[in-house]
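Asks: Residue numbering for the sequence shown follows our numbering, beginning at 700 and increasing consecutively.
Here a beta-carbon is modelled for each residue, glycine too, at the ideal position from N, C-alpha and C.
Please read all numbers here as calculations on a predicted model, not as lab measurements.
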Amino acid sequence: MVSRVSTVSFQGVNAVPVDVQVMVAPGKIGMNIVGLPDKAVAESRERVQAALHASGLSLPAKKVTVNLAPADLPKEGSHFDLPIALGLMAALGAVPADALSGYVVLGELSLDGTIAAVAGALPAAIGANSEGKGLICPAACGPEAAWASADLDILAPRSLIAMANHFKGTQVLSRPQAAIRGPSDGLPDLSDIKGQETAKRALEVAAAGGHNLLMSGPPGSGKSMLAARLPSILPPLSPAELLEVSMIHSIAGLLSGGELSDRRPYRAPHHSASMAAMVGGGMRARPGEVSLAHNGVLFLDEFPEFSPQVLDSLRQPLENGECVIARANHHVSYPARIQLVAAMNPCRCGMAGEPGHTCARGPRCQADYQARISGPLLDRIDLRITVPAVTAADLIKPGTSERSADVAERVARARERQKERFAGMPGVTANALCPTSLIETVAGPDAAGTALLHEAAERMKFSARAYHRVLKVARTLADLDGAAEVGRVHIAEAISYRLPGEGMAAAA
Ligand SMILES: Nc1ncnc2c1ncn2[C@@H]1O[C@H](COP(=O)(O)OP(=O)(O)OP(=O)(O)O)[C@@H](O)[C@H]1O
Ligand SMILES: [Mg+2]
700 MVSRVSTVSF QGVNAVPVDV QVMVAPGKIG MNIVGLPDKA VAESRERVQA
750 ALHASGLSLP AKKVTVNLAP ADLPKEGSHF DLPIALGLMA ALGAVPADAL
800 SGYVVLGELS LDGTIAAVAG ALPAAIGANS EGKGLICPAA CGPEAAWASA
850 DLDILAPRSL IAMANHFKGT QVLSRPQAAI RGPSDGLPDL SDIKGQETAK
900 RALEVAAAGG HNLLMSGPPG SGKSMLAARL PSILPPLSPA ELLEVSMIHS
950 IAGLLSGGEL SDRRPYRAPH HSASMAAMVG GGMRARPGEV SLAHNGVLFL
1000 DEFPEFSPQV LDSLRQPLEN GECVIARANH HVSYPARIQL VAAMNPCRCG
1050 MAGEPGHTCA RGPRCQADYQ ARISGPLLDR IDLRITVPAV TAADLIKPGT
1100 SERSADVAER VARARERQKE RFAGMPGVTA NALCPTSLIE TVAGPDAAGT
1150 ALLHEAAERM KFSARAYHRV LKVARTLADL DGAAEVGRVH IAEAISYRLP
1200 GEGMAAAA
């Protein structure tokens, strides 16, 4: 007889339904899995046999065939263990076959019959909910799956025996509760930073409008320190954003204990990161750092030290908010709407432009180093600032500077204005994401501002992108001021944030 169990295969953050068909029939004794399984799925055979044996069920002396349909869809990952085992148990009569028909099942088995956590429980739960089915998943993934819907029927057993007992009615499993990670205190605070008022202002503007930021300065001036304090002033994720972020983190297996957090992601990959680590790829087309930073911040410290190919691979996600991983037989795409924050020294020795220092290798040192960043990538960065070495006077100045909480309040107010402006436009939450067609309407400056912008655009030979990005930054500055219209001061400040990069663009 054939028993059927529903499970899923992941294509990006989407769960595609997969049917597990198990047949026990007379023939050569053994178990075969067919239907494009990858190595982890093929190894399922050993785990399933051992787990069933440990749970007191032995395989009959017959031929067992497991088919994963549709047969032309590649099946990757270890979450097929549980549907295969339950299908087999149904075929053997250990669980009632009709009890499984209303569920999507996923989970990995240990040799002792316990069910281990797997990646992707949240997208699977959302998929199951849209099909009107329930979900059977590992106990550790229950809190994460419970986020999909309050009405979703979820069974999260610890072992195969607990699952069988539930269906027998001897030990009923209770529904897991959705868990949220509490607010984590102890984020580094802006008040630790002495001086650097310009850099702090730029950080606030970046947080308020979701703009990309590049900080350049000598070693020890506090660039890494400033970037580490950005999460403390960013607004929390909205419920819709939280779900998008958690889906990606679920696929990557990063939701520890199944708990979700409304904190914006902050990813800071090392500069030795490969292309696959950055944009995604590898064995299971996993999401890369750019996608893991979706709706949050990607911080690239020592910017020019990243390989030029890796840096240029960021151009596409920065423009359209999506990462496409091309495979021989299919494409996988992950959302990647990020705010890029980068820090760098102006040259290899790090001291170019500092008063009283001359670069040993002359102007070439600076030009060669900065040329590692391509012009098009630099064009996508709205705020570029120089962070000079902090002066001794600033360091010993008594008293503390402004706390993160106060800055976060101003940022939240500016974001609130943007939310109202872009209400009804899905995916647009901040000025930086404003579509080009709309920017002139929402950020059209007054007469004095327009005159200044035209003059600057002509003199500095702005690209069309640069022109629009200046307008977006100016809109954010006006939002921070609480002004309805963009004025000349806002345009002037926005242009000043573009200047430091112009020399670098010429070098590239
Ligand atoms: N403005 C500042 N206020 C207080 N401490 C500072 C400041 N700037 C730097 N420091 C001190 O210097 C240390 C190094 O700072 P940080 O790592 O941020 O420098 P950096 O600019 O990233 O340097 P590098 O270019 O070498 O990466 C900090 O841990 C802190 O102790
Ligand atoms: Mg640093």
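(1) Are the segment 1032 to 1043 and the segment 910 to 930 touching, with three or more C-beta to C-beta distances below 8 Å?
(2) So, for Thr897: in the same chain, excluding its five sequence neighbours on each side, which residues have a beta-carbon less than 7 Å away from its beta-carbon?
(3) Assign Val733 to buried or exposed, taking buried as 16 or more other Cβ atoms, counted over all protein chains shown, within 10 Å of its Cβ.
(4) If you follow the beta strand (DSSP E) that His1153 is part of, which residue opens it and which one closes it?
(5) From Arg900 to Thr1099, what does the alpha carbon distance come to, in whole angstroms?
(6) By alpha-carbon positions, which one of Arg983, Gly826, Lys867, Pro875 ends up nearest to Pro716?
(7) As a quick exercise: from Gly1049, Val1089, Val1106, Leu997, pick the residue whose alpha carbon is nearest that of Ala1066.
(8) Does the separation of the CB atoms of Thr706 and Val803 fall below 8 Å?
(9) Nearest-angstrom Cα distance between Thr1140 and Leu1179?
(10) Following a CB-centred definition, is Ala927 positioned closer than 7 Å to any heavy atom of ligand 2?
(11) Just to confirm, does Pro930 get its C-beta within under 7 Å of one of the non-hydrogen atoms of ligand 1?
(12) Can you tell me whether Ser743 is buried or exposed, with buried defined as 16 or more other CB within 10 angstroms of its CB?
(13) Which residue wins for smallest C-alpha separation from Ala793, given the options Ala927, His865, Ala847?
(14) Can you round the beta-carbon distance between Asp1000 and Ala972 to whole angstroms, since I take them to be within the 8 Å contact cut?
(15) Along the beta strand (DSSP E) that carries Met730, what are the first and last residues, could you check?
(16) Please list the terminal residues of the continuous alpha helix (DSSP H) segment that includes Ala838.
(17) Any heavy atom of ligand 1 closer than 7 Å to the beta-carbon of Met924?
(18) If you draw a straight line from the alpha carbon of Val747 to that of Ala1163, how long is it in whole angstroms?
(19) Cβ of Asp1180 versus every heavy atom of ligand 2: is any distance shorter than 7 Å?
(20) Measuring only the C-alpha atoms, how far is Thr1135 from His1167?
(21) Check for me: the beta strand (DSSP E) holding Leu767 runs from which residue to which?
(22) How would you write the range of the alpha helix (DSSP H) that Arg1063 sits in, first residue to last?
(23) Check for me: the beta strand (DSSP E) holding Pro1007 runs from which residue to which?
(24) Measuring only the C-alpha atoms, how far is Ser1012 from His1189?
(25) So does Asp1000 have its beta carbon nearer than 7 Å to some heavy atom of ligand 3?
(26) Identify which residue in Ser890, Lys1118, Ala784 has its Cα closest to the Cα of Ile835.
(27) Report buried or exposed for Gln876, applying the criterion of at least 16 other Cβ atoms within 10 angstroms of its Cβ.
(28) Can you pull the DSSP bridge partners for Lys774?
(29) Would you say Gly711 faces chain C, with C-beta separation under 8 Å as the test?
(30) Return the chain-ordered list of same chain residues with a C-beta closer than 8 Å to the C-beta of Leu751, the five sequence neighbours on each side being excluded.
(31) Under the DSSP definition of a beta bridge, which residues are partnered with Asp718?
(32) Would you decide whether Arg1114 is buried or exposed? Buried here means 16 or more other CB atoms lie within 10 Å of its CB.
(33) Consider the C-beta atom of Asn1044 and the heavy atoms of ligand 1; say whether any pair is separated by less than 7 Å.
(34) Check whether the segment 849 to 857 and the segment 884 to 896 touch, using three or more Cβ-Cβ pairs below 8 Å as the test.
(35) Just to confirm the assignment, what range does the alpha helix (DSSP H) spanning Arg1014 have?
(36) When you compare only the Cα positions, how much space is there between Gly755 and Ala749?
Replies: According to the data block:
(1) yes
(2) Ile1084
(3) exposed
(4) Here His1153 belongs to no beta strand (DSSP E); instead the alpha helix (DSSP H) covers 1146 to 1158.
(5) 16 Å
(6) Gly826
(7) Gly1049
(8) yes
(9) 19 Å
(10) no
(11) no
(12) buried
(13) His865
(14) Actually they do not touch by this definition, with Cβ atoms about 11 Å apart.
(15) 729 to 733
(16) Here Ala838 belongs to no alpha helix (DSSP H), and DSSP marks it neither H nor E.
(17) yes
(18) 59 Å
(19) no
(20) 7 Å
(21) 762 to 768
(22) 1061 to 1069
(23) First-last for Pro1007: 1007 to 1011, but that is the alpha helix (DSSP H), not the beta strand (DSSP E).
(24) 32 Å
(25) Inclusion of ligand 3 in the displayed structure is not the case, the ligand content consisting of ligand 1 and ligand 2 alone.
(26) Ala784
(27) exposed
(28) Pro736
(29) Given the protein chain composition of this structure (a single chain), no chain C is represented.
(30) Ser757, Leu758, Ala784, Leu787, Met788, Gly812, Leu859
(31) Ser705, Ala768
(32) buried
(33) yes
(34) no
(35) 1014 to 1019
(36) 10 Å
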